[in-house]
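Everything on this sheet refers to the single structure shown next.
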Amino acid sequence: MTSISEKAAILHRSARTQQPTAQFSTTEEYDLESAYKVQHELIKQRVDEGHEIVGVKMGFTSHAKMEQMGVNDMIIGQLTADMQLDASTPLIKSDCCHPRAEPEIAFRLSKDIEGVLDAQSVLDYVDGVASAIEVIDSRYENFKFSLEDVVADNCSSCAFVVGSWCEVPLGLNGLDMVMNFDGVIEAEGSSDAILDNPFEALAAATRLAHQYGIALKKGMVVLAGASTAASFIKQTKEVSLEIDGLGRAAFETF
Ligand code: OOG
Ligand code: MG
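To convert, take the position in the sequence shown, counting from 1, and add 394; that gives this note's numbering.
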């Protein structure tokens, strides 16, 4: 049985050396509570290295993602400043094990959130919504894991890019989400795939954050989870996403 800090050290080393590790769950049993403790320890190491926490990401909020990865519940991970890409910060592929990209919607929090909110009341806590792309890069061999393993690995978080912030509309239903790799359609989905209503993902984030001791602070980004299965980036030079009414998000790879 490996301890919480041993698991965190193994995962941190995998991320830093781009050497995927074996899943823990194939040789030992551990519960979600301990998995989130591993995640907290991993994030503490990043913070100690000087990278502040800038948001959270939801995982498995669509059937497409649950089916692709063979899991059946939602998860929450944490985003640090060094994960954020922009026009002058490309994804360095040699820093990754086997990166995949997925189309997402981002929210920006206008106030701290302490309690658990529903999909209607979260509207009072958001002042921006944007197209976003998440890069996930499991630190486990062959991108295979149990729910506990992926939670411990900070939900495969690697990098993300957020497009221009837009005013928050009352509804986010029926928006077409098209992700292109080098200008060619790679994945296409609808915002409805995210829990039938992306605001539900934000509500679920308040529940999981409250349950597992993750702070939701004013100005933080919340990624709602992918609407389609994720795609391996491989030789792709530019990844972009266009969402009806929310505009474009894009990053380059190096
Ligand atoms: C876990 C992360 C899932 C999402 O958007 O559903 C996720 C994984 O698939 O490796 O980020
Ligand atoms: Mg994601």
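Glycine included, each C-beta is placed from N, C-alpha and C at the ideal position.
Top-ranked residue by Cα proximity to residue 654, from 564, 547, 535 and 500: Absent from the model: residue 654. The displayed extent of the chain is 395 to 648, so no value can be given.
Rounded straight-line distance, which links the Cα of residue 578 to that of residue 545: 32 Å
Distance cut-off 7 Å: residue 498 Cβ against heavy atoms of the ligand MG: yes
Should the segment 567-583 be regarded as contacting the segment 434-450, the criterion being three or more beta carbon pairs within less than 8 Å? no
Under the assumption that residue 595 contacts residue 588 (Cβ atoms under 8 Å), give the Cβ distance between them as a whole number of angstroms. 5 Å
In angstroms with no decimal places, state the Cα-to-Cα distance between residue 432 and residue 404. 10 Å
Distance between residue 517 and residue 576 (C-alpha atoms, nearest Å): 35 Å
Residue 492: buried (16+ other C-beta within 10 angstroms of its C-beta) or exposed? buried
Confirm, please, whether the CB-CB distance from residue 643 to residue 507 is below 8 Å. no
Within 10 Å of its beta-carbon, does residue 413 have 16 or more other beta-carbons around it, so buried, or fewer, so exposed? exposed
Check: residue 532 C-beta below 7 Å from any heavy atom of the ligand OOG: yes
Smallest Cα separation from residue 626: which of 590, 529 and 635? 529
For residue 573 and residue 497, which I take to be in contact (beta-carbon distance under 8 Å), what is that distance rounded to the nearest angstrom? 4 Å
Does the pairing of the segment 450-465 with the segment 536-555 give three or more beta-carbon distances under 8 Å? yes
So residue 629 and residue 539 are in contact, right, with Cβ under 8 Å, and what is the actual spacing, rounded? Going by Cβ atoms, the distance from residue 629 to residue 539 rounds to 25 Å, so no, they are not a contact pair.
Only counting the same chain, and skipping five residues up and downstream in sequence, which positions put a Cβ closer than 7 Å to that of residue 436? 402, 405, 406 and 548
Is it buried or exposed, residue 648, if we count other Cβ atoms within 10 angstroms and call 16 or more buried? exposed
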